[in-house]
Amino acid sequence: METVRILEEHEFPPEIQRHFEGTKTWFNVDFIPKMSRVLSFQPEMSHTHGRCSRRAMADGVLKRCQKEMIAVTVSAINSCAY
Numbered sequence: 013m014e015t016v017r018i019l020e021e022h023e024f025p026p027e028i029q030r031h032f033e034g035t036k037t038w039f040n041v042d043f044i045p046k047m048s049r050v051l052s053f054q055p056e057m058s059h060t061h062g063r064c065s066r067r068a069m070a071d072g073v074l075k076r077c078q079k080e081m082i083a084v085t086v087s088a089i090n091s092c093a094y
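Okay, here's the thing in structure tokens:
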């Protein structure tokens with residue numbers, strides 16, 4: 013449950029919107045997750061989170077799509093919006 017209003021993508025400054033476009037391209041999605049939007053208020057945290065996400069979700073023993081399916085399943089089990 014949100015306790016603060018999270019800005020929509022178009023409400024962020026242009027430099028952050030450019031970062032969002034790169035994120036959408038890399039993850040092949042058409043939206044920016046709420047966690048990424050929240051972290052964008054602290055650019056250092058946002059960049060660190062982005063690097064960690066890319067590293068964690070890169071193909072390895074499991075493909076990225078398999079990792080995404082695991083994340084969605086765990087989120088559903090925990091009643092957490094992924």
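Take any residue in the sequence shown, count from 1 to its spot, add 12: that is its number in our numbering. From the three backbone atoms N, C-alpha and C, an ideal C-beta is built for every residue, glycine too.
Which of helix, strand or coil does DSSP assign to residue i?
i     : result
Cys64 : helix
Glu80 : helix
Val86 : helix
Glu20 : coil
Ser58 : helix
Quick one, which of the options has its alpha-carbon nearest residue i's?
i     : options                       : result
Glu23 : Val50, Val41 and Trp38        : Val50
Trp38 : Asn90, Cys77 and Glu56        : Cys77
Leu19 : Arg67, Val86, Met47 and Thr60 : Met47
Arg17 : Gly34, Arg30 and Phe53        : Phe53
Thr35 : Pro25, Ser65 and Met81        : Ser65
Residue i and residue j look like a contact to me (Cβ under 8 Å); what is the Cβ gap, rounded to whole Å?
i     : j     : result
Ile44 : Glu21 : 6 Å
Going by DSSP, what residue range makes up the alpha helix (DSSP H) through residue i?
i     : result
Phe39 : Pro26 to Phe39
Val50 : Lys46 to Leu51
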